[in-house]
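A.B. asks: Just so you know, the sequences run in chain order F and B. If you count the first sequence from 1, you need to add 483 to reach the working numbering. If you count the second sequence from 1, you need to add 93 to reach the working numbering. We put the beta carbon where it would ideally sit given N, CA and C, even for glycine. No experiment lies behind these values; they were computed from the predicted model shown.
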Amino acid sequence: MNIHDCMKINVFSVPATATVREAISLLVLKHIGLLPVVDGNHRPVGVVGLRDFLKFALPSSFSLQDDLDFLGDFGALEHYRPTDAILAKPVTDFMRPATTVHEDSGLLRAYSFMLLHDLHDMPVVDEHGQLTGIASRVDIGVTILADWV
Amino acid sequence: MLAILLSSLIFIACLGLIFSEKINRTIVAMAGAAVMVGAGKLLGFYSEQDAIASIDWNTLGLLLGMMVLVALLEPTGFFEYVAVSTARLSKGIPIRLFVLLGGVTTVLSMFLDNVTTIVLIAPVTILISEVLGTSATPYLISEALLSNTGGVATLVGDPPNVLIGSAANLSFTDFLVHALPVVLVCWVAALALLLFLFRKELRIVPENHEAVMKMIPSEALNDRRTAMRVLVIIGGAIALFFLHSLLDLTPSYVALSAAAVALIVVRPSMDETFKNVEWNVLLFFIGLFVVVGGIDKSGALDLLISLLEKGSTFIPALFGILLIWIVAGLSAVVDNVPITIALIPVIEGLAEVGINPTPLWWALVFGAGFGGCATIIGASANIIVAILSEKTRNPITSALWIRRGLPVMLLTCTIASLIFWFAYNHFAD
């Protein structure tokens, strides 16, 4: 059993020329958490997801605190909307490097990569580096566990 | 002559490297110390024994004791509790928040390490600003500038004060009698100036100002019991600081004893507690003591002392004021600790040739304390808030800092100079 057997094949992606608004629209429309950003040959050049856009509303300064229990209300942050200028920016301005896995990869190997890089979804590529699927921690985890029962 | 040239060159190279920030300042100090002792042994002007003797253990003990106390207080959430309570008290009105946060940070940093206070208060300040939907910049800059200014008031408020107090045998009470009145005037003036400089940002009352009222200070205090115990011990240490000269105790003995009592009472994980102690700062001091000890032994400072001796003969008060401005100017661009460590033997040398050193010690306190406000690299607190601001939507730039900090430095140094001039006899006592 390898990652090819549990990945989602119907994978949504955006071209490197897409804007932030287009990427966010696709995330909302398809109710997904991560979008691979692909070049003209359908090869992943990066990824963008919920966390890359939600950081507009929740700045990284929040990571400075161990404990947020004392914040009863997030006030202005709850009403934050990005400006049109931010939404019009190219998605490549906000993408992270793509950590991909080959479709022949073993399940535990792929899962350990996700733990190591703090990923919840990971694009899967073929021998030409082209995007063929996407696998989540749940996809991989339940496939491993299914063998145990 | 070669010894003088070489030791001066090593010291200037250390200052230059610290200023460039290309290499960590502690590494520079440690390497500088090694090179200085090596050069001293080679040319016969400085030995390992001299190097050990040049280290001021009283300063290190006082710093270490206070660091341990703060390291025990830090995980209790006390600093966050204070910041959140302050925010509630301000009701989210920017001007009130500005004055209260600046005031609270100042009071804390008068008795506790400046850097730790800022490290713990600034992130909560950023959160409060985010919740209010305003820029954290005015609050962060004023916290750093006001705590730098306030720290000048006490023996333990600022590392240069610890150094000067130890070298000149100035007591905690001496600082309260001589430095506190000056600092009070300077602090109020600095606050007024900052309110003026940030008037645009502070004028707008945010729509979400009521959100701070939903903050729960008690939730920030993770360990009330430990916080209370450590605070009582810190209070006891401060009370003993008042009496240390009367009881013939050194401040370092008071601080280290208080730290020992706190460790017995709290019984923390030593690994965790000692992780919070800033060993790099202590090593930085040790390295610099050794470097400056080398220049002293080489005779380089004697040249400077004989030059200054001639200058100081015309008007002593003017000489003191000149010292305030020179030290302030240097402290604005280089860490004030090496400047202070280097000038201490110079003032001691002037005392040996018959010049009253007491007013010069106070001039050094004011110059080193107020000078750091001018630039983003002038004081550790400035660097910390600037780094933290990079995690916000409005990072603090060096240019902005000069526009806000330099006027504060000029104002506080001017006020200190005027008071120094008109109350010279008080400082000469």
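May I ask you to report which of helix, strand or coil DSSP gives F:Leu518?
C.D. replies: F:Leu518 falls in the strand class under three-state DSSP.
A.B. asks: Contact between the segment 182-197 of chain B and the segment 144-151 of chain B is defined here as three or more beta-carbon pairs at a separation below 8 Å; is this criterion met?
C.D. replies: At 8 Å Cβ cutoff, the stretches do not touch.
A.B. asks: If you measure beta-carbon to beta-carbon, which residues of the segment 196-223 of chain B are closer than 7 Å to chain C?
C.D. replies: As a matter of chain content, chain C is missing from the structure shown, whose protein chains are F and B.
A.B. asks: At a CB-CB cut-off below 8 Å, which residues of chain B make contact with F:Leu560?
C.D. replies: Near F:Leu560 (Cβ distances below 8 Å), the residues of chain B are Glu223, Val224 and Gly226.
A.B. asks: Residue range of the alpha helix (DSSP H) that B:Thr319 falls in?
C.D. replies: Note, B:Thr319: alpha helix (DSSP H), Arg317 to Leu336.
A.B. asks: Taking beta-carbon pairs under 9 Å, can you tell me which members of the segment 287-313 of chain B lie near chain F?
C.D. replies: Taking 9 Å as the Cβ-Cβ cut-off against chain F, the residues of the segment 287-313 of chain B that qualify are Pro299, Glu300, Asn301, His302, Glu303, Ala304, Val305, Met306, Lys307, Met308, Ile309, Pro310, Ser311, Glu312 and Ala313.
A.B. asks: Please report the straight-line C-alpha distance between B:Ile512 and B:Gly170, rounded to a whole angstrom.
C.D. replies: Distance between the alpha carbons of B:Ile512 and B:Gly170 is about 39 Å.
A.B. asks: In terms of alpha-carbon separation, which member of B:Arg496, B:Ile103 and B:Tyr174 lies closest to B:Ala90?
C.D. replies: Because chain B spans 94 through 522 in this model, residue 90 of chain B falls outside it and cannot be assessed.
A.B. asks: Where does F:Arg579 fall in DSSP's three states?
C.D. replies: If DSSP states are grouped into helix, strand and coil, F:Arg579 belongs with the strands.
A.B. asks: Evaluate F:Ser543 with the Cβ neighbour count: other Cβ atoms within 10 Å of its Cβ, from every protein chain shown; 16 or more gives buried, anything less gives exposed.
C.D. replies: Counting Cβ neighbours within 10 Å, F:Ser543 comes out exposed, since fewer than 16 surround it.
A.B. asks: Enumerate in chain order the residues of its own chain whose CB-to-CB distance from B:Ala425 is below 6 Å, with the five nearest sequence positions on each side excluded.
C.D. replies: Counting only Cβ-Cβ distances below 6 Å, and skipping sequence neighbours, we find Gly464, Ala467, Thr468 and Gly471.
A.B. asks: DSSP on B:Ile512, reduced to helix/strand/coil?
C.D. replies: Three-state result, B:Ile512: helix.
A.B. asks: DSSP three-state label for F:Met605, please.
C.D. replies: Looking at F:Met605 - three-state DSSP - the assignment turns out to be strand.
A.B. asks: At what residues does the beta strand (DSSP E) containing F:Ser496 begin and finish?
C.D. replies: No beta strand (DSSP E) contains F:Ser496, which DSSP labels as neither H nor E.
A.B. asks: Could you tell me whether any Cβ in chain B is nearer than 8 Å to the Cβ of F:Gln613?
C.D. replies: With 8 Å as the cut-off, F:Gln613 does not count as an interface residue toward chain B.
A.B. asks: What does the Cβ neighbour count give for B:Pro438, buried or exposed, with the cut at 16 atoms within 10 Å?
C.D. replies: Looking at its Cβ environment, which holds 16 or more other Cβ atoms inside 10 Å, B:Pro438 is buried.
A.B. asks: What residue range is occupied by the uninterrupted alpha helix (DSSP H) comprising B:Leu273?
C.D. replies: Looking at the DSSP string, the run of the alpha helix (DSSP H) that includes B:Leu273 is Phe265 to Leu290.
A.B. asks: Under 8 Å, with one C-beta from each stretch per pair, do the segment 481-488 of chain B and the segment 229-236 of chain B reach the 3-pair mark?
C.D. replies: Touching, yes.
A.B. asks: Establish whether the CB of F:Asp567 and some CB of chain B are separated by less than 8 Å.
C.D. replies: Output row for F:Asp567: interface = no.
A.B. asks: Run through the DSSP bridge pairs and tell me what F:Ala618 is partnered with.
C.D. replies: Answer is F:Met605.
A.B. asks: If you measure between the beta carbons of B:Val224 and B:Ala352, is that distance less than 8 Å?
C.D. replies: No. Outside cutoff.
A.B. asks: Using only alpha-carbon positions, find the residue among B:Tyr139, B:Ile145 and B:Val161 that is nearest to B:Trp372.
C.D. replies: For B:Trp372, the nearest C-alpha among the options comes from B:Val161.
A.B. asks: Please list the residues of the segment 522-548 of chain F that have a C-beta atom closer than 8 Å to any C-beta atom in chain B, keeping them in chain order.
C.D. replies: Cβ contacts with chain B: Pro542, Ser543, Ser544, Phe545, Ser546, Leu547 and Gln548.
A.B. asks: In chain B, which residues lie with their C-beta within 8 Å of the C-beta of F:Asp552?
C.D. replies: Within 8 Å Cβ-Cβ: Ile309, Glu312 and Ala313.
A.B. asks: To the nearest angstrom, report how far apart B:Lys115 and F:Phe495 are at their CA atoms.
C.D. replies: When rounded, the distance between both Cα atoms is 45 Å.
A.B. asks: For F:Leu509 versus F:Val528, is the C-beta spacing smaller than 8 Å?
C.D. replies: No.
A.B. asks: Does any residue of chain F have a CB that is nearer than 8 Å to the CB of B:Lys484?
C.D. replies: Chain F contact via Cβ: present.
A.B. asks: Would you list, in sequence order, the uninterrupted alpha helix (DSSP H) runs of no fewer than 4 residues that lie entirely inside the segment 540-589 of chain F?
C.D. replies: Those alpha helix (DSSP H) runs which fall completely within the segment 540-589 of chain F and span 4+ residues are 567-570.
A.B. asks: Quick check on this structure: which residue in B:Ser240, B:Gly250, B:Val298 and B:Glu312 has the alpha carbon closest to the alpha carbon of B:Val281?
C.D. replies: Closest option to B:Val281, Cα to Cα, is B:Ser240.
A.B. asks: Would you mind working out which of F:Gly589, F:Val530 and F:Leu554 sits nearest B:Met308, comparing C-alpha positions?
C.D. replies: With distances taken between Cα atoms, B:Met308 lies closest to F:Leu554.
A.B. asks: In its own chain, which residues sit with a C-beta less than 6 Å from the C-beta of B:Leu499, not counting the 5 before and 5 after it?
C.D. replies: Within the same chain, B:Leu499 has close Cβ partners Ala467.
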